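Numbering (our numbering), first residue to last: 32 to 199.
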(Lines of atoms letter the chains of each structure in order from A and count residues from 1; the text may use other names and numbers.)
(Lines give C-alpha, C1' and ligand atoms only; values in the text may rest on other atoms or scores of the structure.)
Protein backbone atom coordinates (compact mmCIF):
# COMPACT_ATOMS: atom_id res chain seq x y z
CA UNK A 1 0.00 0.00 0.00
CA UNK A 2 1.25 3.47 -0.86
CA UNK A 3 1.47 6.13 1.68
CA UNK A 4 -0.05 9.47 0.92
CA UNK A 5 0.71 12.91 2.22
CA UNK A 6 -1.76 12.42 4.99
CA UNK A 7 0.28 9.36 6.14
CA UNK A 8 3.82 10.76 6.30
CA UNK A 9 3.99 14.25 4.89
CA UNK A 10 5.10 13.22 1.34
CA UNK A 11 3.18 14.28 -1.75
CA UNK A 12 0.04 12.32 -2.47
CA UNK A 13 0.58 9.31 -4.80
CA UNK A 14 4.38 9.65 -4.94
CA UNK A 15 6.63 6.78 -3.87
CA UNK A 16 9.56 7.31 -1.54
CA UNK A 17 12.18 5.25 -3.47
CA UNK A 18 15.49 6.39 -5.03
CA UNK A 19 18.53 8.39 -4.05
CA UNK A 20 18.95 12.09 -3.68
CA UNK A 21 21.49 14.07 -5.67
CA UNK A 22 23.63 14.47 -2.55
CA UNK A 23 23.76 10.70 -2.00
CA UNK A 24 24.77 10.10 -5.62
CA UNK A 25 27.44 12.81 -5.38
CA UNK A 26 28.90 11.29 -2.19
CA UNK A 27 29.01 7.83 -3.80
CA UNK A 28 30.76 9.29 -6.87
CA UNK A 29 33.37 11.03 -4.70
CA UNK A 30 34.08 7.78 -2.82
CA UNK A 31 34.51 5.85 -6.09
CA UNK A 32 36.86 8.51 -7.50
CA UNK A 33 38.96 8.50 -4.32
CA UNK A 34 39.30 4.72 -4.45
CA UNK A 35 40.26 4.87 -8.13
CA UNK A 36 42.87 7.54 -7.37
CA UNK A 37 44.40 5.41 -4.64
CA UNK A 38 44.46 2.24 -6.77
CA UNK A 39 45.85 3.76 -10.00
CA UNK A 40 49.56 3.94 -9.01
CA UNK A 41 49.47 0.32 -7.87
CA UNK A 42 47.88 -0.75 -11.14
CA UNK A 43 50.52 1.12 -13.15
CA UNK A 44 53.36 -0.59 -11.26
CA UNK A 45 51.70 -3.95 -11.83
CA UNK A 46 51.36 -3.21 -15.54
CA UNK A 47 55.04 -2.21 -15.82
CA UNK A 48 56.15 -5.33 -13.93
CA UNK A 49 54.05 -7.49 -16.26
CA UNK A 50 55.52 -5.78 -19.34
CA UNK A 51 59.14 -6.39 -18.39
CA UNK A 52 58.53 -9.98 -17.29
CA UNK A 53 56.71 -10.74 -20.54
CA UNK A 54 59.44 -9.09 -22.63
CA UNK A 55 62.14 -11.10 -20.85
CA UNK A 56 60.41 -14.42 -21.42
CA UNK A 57 59.68 -13.56 -25.07
CA UNK A 58 63.39 -12.82 -25.54
CA UNK A 59 64.26 -16.17 -23.92
CA UNK A 60 61.85 -17.93 -26.29
CA UNK A 61 63.37 -16.19 -29.30
CA UNK A 62 66.89 -17.16 -28.23
CA UNK A 63 65.82 -20.77 -27.74
CA UNK A 64 64.23 -20.71 -31.19
CA UNK A 65 67.50 -19.39 -32.65
CA UNK A 66 69.42 -22.27 -31.08
CA UNK A 67 66.90 -24.83 -32.30
CA UNK A 68 67.02 -23.47 -35.86
CA UNK A 69 70.83 -23.46 -35.88
CA UNK A 70 70.92 -27.14 -34.93
CA UNK A 71 68.08 -28.39 -37.14
CA UNK A 72 68.97 -26.37 -40.25
CA UNK A 73 72.77 -26.69 -39.85
CA UNK A 74 73.29 -22.95 -40.24
CA UNK A 75 74.61 -20.47 -37.73
CA UNK A 76 71.78 -18.39 -36.35
CA UNK A 77 72.00 -15.24 -34.28
CA UNK A 78 69.90 -12.74 -32.43
CA UNK A 79 70.99 -9.17 -33.12
CA UNK A 80 70.13 -6.56 -30.51
CA UNK A 81 69.98 -2.87 -31.14
CA UNK A 82 70.04 -0.75 -28.05
CA UNK A 83 71.47 2.30 -29.82
CA UNK A 84 69.34 2.50 -32.95
CA UNK A 85 72.22 2.24 -35.44
CA UNK A 86 70.92 -0.50 -37.76
CA UNK A 87 67.55 -1.23 -36.16
CA UNK A 88 65.09 0.89 -34.28
CA UNK A 89 65.98 1.35 -30.61
CA UNK A 90 64.94 -1.48 -28.30
CA UNK A 91 64.36 -3.98 -31.08
CA UNK A 92 65.94 -7.28 -31.99
CA UNK A 93 65.86 -9.63 -34.95
CA UNK A 94 66.74 -13.25 -35.68
CA UNK A 95 69.20 -13.78 -38.52
CA UNK A 96 70.61 -16.86 -40.21
CA UNK A 97 73.87 -17.19 -42.09
CA UNK A 98 73.34 -17.57 -45.82
CA UNK A 99 75.67 -19.69 -47.92
CA UNK A 100 78.82 -21.33 -46.59
CA UNK A 101 79.72 -21.39 -42.91
CA UNK A 102 81.53 -18.20 -41.90
CA UNK A 103 80.41 -16.48 -45.11
CA UNK A 104 79.41 -13.41 -43.13
CA UNK A 105 76.18 -12.97 -45.10
CA UNK A 106 73.17 -12.85 -42.79
CA UNK A 107 69.47 -12.73 -43.69
CA UNK A 108 66.60 -11.79 -41.41
CA UNK A 109 64.32 -14.61 -40.27
CA UNK A 110 60.95 -13.02 -39.83
CA UNK A 111 59.96 -9.68 -38.35
CA UNK A 112 61.86 -7.39 -36.04
CA UNK A 113 60.73 -7.74 -32.47
CA UNK A 114 59.90 -4.55 -30.57
CA UNK A 115 59.84 -4.31 -26.80
CA UNK A 116 56.77 -2.97 -25.00
CA UNK A 117 56.68 0.72 -24.09
CA UNK A 118 58.89 1.66 -21.18
CA UNK A 119 61.12 -1.44 -21.47
CA UNK A 120 64.68 -0.89 -22.67
CA UNK A 121 67.10 -3.54 -23.89
CA UNK A 122 70.81 -3.24 -23.42
CA UNK A 123 73.70 -5.59 -23.86
CA UNK A 124 76.19 -6.35 -21.14
CA UNK A 125 79.07 -7.60 -23.23
CA UNK A 126 76.91 -8.77 -26.15
CA UNK A 127 75.41 -7.02 -29.16
CA UNK A 128 74.49 -10.28 -30.82
CA UNK A 129 74.25 -13.87 -29.64
CA UNK A 130 75.33 -16.39 -32.28
CA UNK A 131 74.50 -20.10 -32.08
CA UNK A 132 76.67 -22.64 -33.90
CA UNK A 133 75.33 -25.61 -35.84
CA UNK A 134 75.99 -27.77 -32.77
CA UNK A 135 73.99 -25.49 -30.45
CA UNK A 136 76.89 -23.78 -28.72
CA UNK A 137 76.87 -20.01 -28.40
CA UNK A 138 78.95 -16.92 -27.87
CA UNK A 139 78.18 -16.31 -24.18
CA UNK A 140 76.56 -13.05 -23.23
CA UNK A 141 74.03 -11.26 -21.08
CA UNK A 142 71.17 -9.08 -22.28
CA UNK A 143 69.56 -6.71 -19.79
CA UNK A 144 65.94 -5.59 -19.95
CA UNK A 145 65.03 -2.70 -17.67
CA UNK A 146 62.14 -0.43 -16.78
CA UNK A 147 60.92 1.52 -13.74
CA UNK A 148 60.10 -1.66 -11.79
CA UNK A 149 63.57 -3.22 -12.12
CA UNK A 150 65.54 -5.36 -14.50
CA UNK A 151 65.75 -8.87 -15.89
CA UNK A 152 68.93 -10.49 -17.17
CA UNK A 153 68.83 -13.03 -19.98
CA UNK A 154 72.02 -15.07 -19.88
CA UNK A 155 73.33 -17.33 -22.65
CA UNK A 156 76.22 -19.62 -21.71
CA UNK A 157 78.82 -21.24 -23.95
CA UNK A 158 76.81 -24.45 -24.46
CA UNK A 159 73.78 -22.43 -25.61
CA UNK A 160 71.68 -22.69 -22.46
CA UNK A 161 69.42 -19.65 -22.02
CA UNK A 162 68.32 -18.58 -18.54
CA UNK A 163 66.55 -15.57 -17.11
CA UNK A 164 66.77 -14.00 -13.68
CA UNK A 165 65.30 -10.95 -12.04
CA UNK A 166 67.87 -8.43 -10.84
CA UNK A 167 71.48 -9.53 -10.47
CA UNK A 168 72.23 -13.18 -11.24
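Cβ atoms here follow ideal geometry from the backbone N, Cα and C, with glycine treated the same way.
Computed from a prediction, not measured in an experiment: that's the story for all the values here.
Between the segment 121-137 and the segment 93-113 there are three or more C-beta pairs closer than 8 Å, enough to call the two in contact.
With the rule of 3 Cβ pairs closer than 8 Å, the segment 85-99 counts as touching the segment 159-174.
Here residue 100 is near residue 166, since their CB atoms are less than 8 Å apart. Look at residue 179 here: in three-state DSSP terms it is coil, with no helix or strand label.
In this structure, residue 93 keeps its C-beta atom at 8 Å or more from the C-beta atom of residue 158. In the same chain as residue 148, and ignoring 5 residues on each side of it, the C-beta atoms closer than 8 Å to its own belong to 81, in chain order. Secondary-structure assignment with DSSP links residue 107 through a beta bridge to 127, 162. Separation of residue 190 and residue 62 (C-alpha to C-alpha, rounded to the nearest whole angstrom) is 52 Å. About 5 Å separates the beta carbon of residue 150 from that of residue 177, a gap short enough to meet the 8 Å contact definition.
The Cβ atoms of residue 160 and residue 143 lie no closer than 8 Å to each other.
Less than 8 Å separates the beta-carbon of residue 97 from that of residue 168. Approximately 11 Å separates the beta-carbon atoms of residue 145 and residue 112; this is outside 8 Å, ruling out the contact. Spanning the alpha carbons of residue 75 and residue 66 requires a straight line of approximately 15 Å.
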